[in-house]
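Participant: Residue numbers (the numbering used here): 169 to 503.
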Amino acid sequence: MESLFALTLMIVFLAFMFDFINGFHDTANTIATSVSTRALRPRAAIILAGTMNFLGAITFTGVAQTISKGVIDPFSIKDETTGLIIVMAALITAILWNLATWFLGVPSSSSHAIIGSLAGSGISALGFGALNYEGFIEIFEALIFSPIAAITIGFIVMKLFTLLFHNFSLTKTNRHFRIFQIFTAALQSFAHGTNDAQKTMGIITMALVASNYLTAVEIPMWVRIAAGLAMAMGTSVGGWRIIHTVGSKIMKIQPINGAAADLSSATIIFGFTFIHFPVSTTHVITSSILGVGSAERVKGVNWGMAINILITWVITLPFTALVSAVIYRLLNWIL
């Protein structure tokens, strides 16, 4: 029992570490456009993002419930130690992936990383029968469809803005949209908290169910608050490498572009949160920027950077699954 408690405690610590890293890794995307257009100063943007992320994190739990049972059903794992090692291997892999991509300044998906890692460690421990195929396929479809929807919505919103404001002076339009961007940055940060922080809550809940500390997939309030705080603290550290990539390397962003991209991505994230599906907020945000850029001028988009992001998006799931499978074997041998 003591060793089981120690493992559970270690997993909770790793989960909050993952959430903290997620804060400066993924949340950087939510404020990248507002910082690059100087709608917000970096410090103000970080405080705003951290606050709104926390509020978003404690507001919803649907995505957390999907994560806790959608990839692997914790009630199907008979041995408590096996269940905990599966979760531990997944967290270690996702943390390593996030740190590596942050160091390289590449916007990658924490969602892809944790879902791929869970699948890999679960298969390594229990075989392919461990996967909840119906739930996994639904999650995978959401991860695939959401960036496509974000590009489409970004394109439409930018075309609409261009139509509505084409008779206004550029200086006046930019000034008004800088003010509007404060609202859209707050909205996007809140949306991010409603989806991304949920993944950590789901992982912790899965571990608590696997170790029999919980008898139902319900997210305890202390988990919601702690996950929200961990992400908010991570946000306060910033993520300037990724802010630089998202805010300047994909396309040259003006306030009207930034507002259109923020509004588009927040709409997509909220939509999927309401139907309880996790999405890659990173890829939704970058896809929205691509859609906005394409609406103005296709050649104005740095498609080389977009291709690098796409490659990372494609390889994250299989790569993290493979690494997590190996880490599970190592942990199972050590523990």
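Ideal Cβ positions, reconstructed from N, Cα and C, are used throughout, including at glycine. Just so we're clear, the structure is a prediction, and the values are computed from it rather than from any experiment.
Thinking just about the alpha-carbon of each residue, which of 238, 324, 344, 485 is nearest to the one in residue 445?
Facilitator: Cα-wise, what sits closest to residue 445 is 238.
Participant: What does the Cβ neighbour count give for residue 374, buried or exposed, with the cut at 16 atoms within 10 Å?
Facilitator: Buried: at least 16 other Cβ atoms inside 10 Å.
Participant: Give the DSSP bridge partners of residue 299, in chain order.
Facilitator: Note: residue 299 sits in a beta bridge opposite 240.
Participant: So which of 503, 498, 502 has the shortest CA-CA distance to residue 292?
Facilitator: Of the candidates 503, 498, 502, the one whose C-alpha sits nearest the C-alpha of residue 292 is 498.
Participant: On the criterion of 16 or more Cβ atoms from any shown chain inside 10 Å, does residue 363 qualify as buried, or is it exposed?
Facilitator: By the 10 Å Cβ count, residue 363 comes out buried.
Participant: What residue from 370, 181, 462, 205 has the CA that sits closest to residue 283's CA?
Facilitator: Among 370, 181, 462, 205, the Cα nearest to that of residue 283 is on 370.
Participant: Can you grab the Cα-Cα spacing for the pair residue 416 / residue 428, in whole Å?
Facilitator: Low confidence applies to residue 416: its pLDDT is 46, below 50, so where it sits in the model is not reliable enough to give any reading.
Participant: Just reading off the alpha helix (DSSP H) that residue 211 is part of, what are its end residues?
Facilitator: Taken as a continuous stretch (DSSP letters only), the alpha helix (DSSP H) holding residue 211 covers 210-225.
Participant: So which of 262, 307, 269 has the shortest CA-CA distance to residue 480?
Facilitator: Comparing Cα positions, the closest option is 269.
Participant: Report the option in 365, 388, 298, 379 whose CA atom is closest to the CA atom of residue 400.
Facilitator: Nearest of 365, 388, 298, 379 to residue 400, Cα basis: 365.
Participant: Run the CB neighbour count on residue 302, radius 10 Å, all protein chains shown included, and call it buried at 16 or more, exposed below.
Facilitator: By the 10 Å Cβ count, residue 302 comes out exposed.
Participant: Nearest CA to the CA of residue 187: which residue from 396, 208, 447?
Facilitator: Checking every option, the nearest Cα to that of residue 187 belongs to 396.
Participant: Hey, could you find the ends of the alpha helix (DSSP H) residue 404 is sitting in?
Facilitator: 389-405 is the span of the alpha helix (DSSP H), which, as asked, contains residue 404.
Participant: Alpha carbons only, please: which of 379, 475, 495, 450 is nearest the one belonging to residue 245?
Facilitator: When only C-alpha atoms are compared, the closest one is 379.
Participant: Along the alpha helix (DSSP H) that carries residue 460, what are the first and last residues, could you check?
Facilitator: Note, residue 460: alpha helix (DSSP H), 449-464.
Participant: Buried or exposed: residue 277, going by 16 or more other Cβ atoms within 10 Å of its Cβ?
Facilitator: Buried, since its Cβ has 16 or more Cβ neighbours within 10 Å.
Participant: Can you tell which of 241, 287, 393, 503 has its C-alpha closest to the C-alpha of residue 262?
Facilitator: The shortest Cα separation from residue 262 among 241, 287, 393, 503 belongs to 287.
Participant: So, using beta-carbon positions, are residue 322 and residue 459 closer together than 8 angstroms?
Facilitator: Contact: yes.
Participant: With respect to the alpha helix (DSSP H) encompassing residue 425, which residues constitute its N-terminal and C-terminal limits?
Facilitator: Here the alpha helix (DSSP H) through residue 425 covers 423-442.
Participant: Just tell me which of 441, 305, 313, 256 has its CA closest to the CA of residue 285.
Facilitator: Residue 256 is the option with its Cα nearest to residue 285.
Participant: Please work out which residues of its chain come closer than 7 angstroms, Cβ to Cβ, to residue 511, disregarding the five sequence neighbours upstream and downstream, and give them in chain order.
Facilitator: As shown, the chain starts at 169 and ends at 503. That puts residue 511 outside it, with no answer to give.
Participant: With H, G and I counted as helix, E and B as strand and the rest as coil, what does DSSP make of residue 379?
Facilitator: Looking at residue 379 - three-state DSSP - the assignment turns out to be coil, as it is neither helix nor strand.
Participant: Residue 330: buried (16+ other C-beta within 10 angstroms of its C-beta) or exposed?
Facilitator: Flag for residue 330 reads exposed.
Participant: Skipping 5 residues on each side, what residues in its chain have a beta carbon closer than 6 angstroms to that of residue 492?
Facilitator: Excluding residues within five positions, the ones whose Cβ falls inside 6 angstroms are 257, 258, 261, 285, 288, 289.
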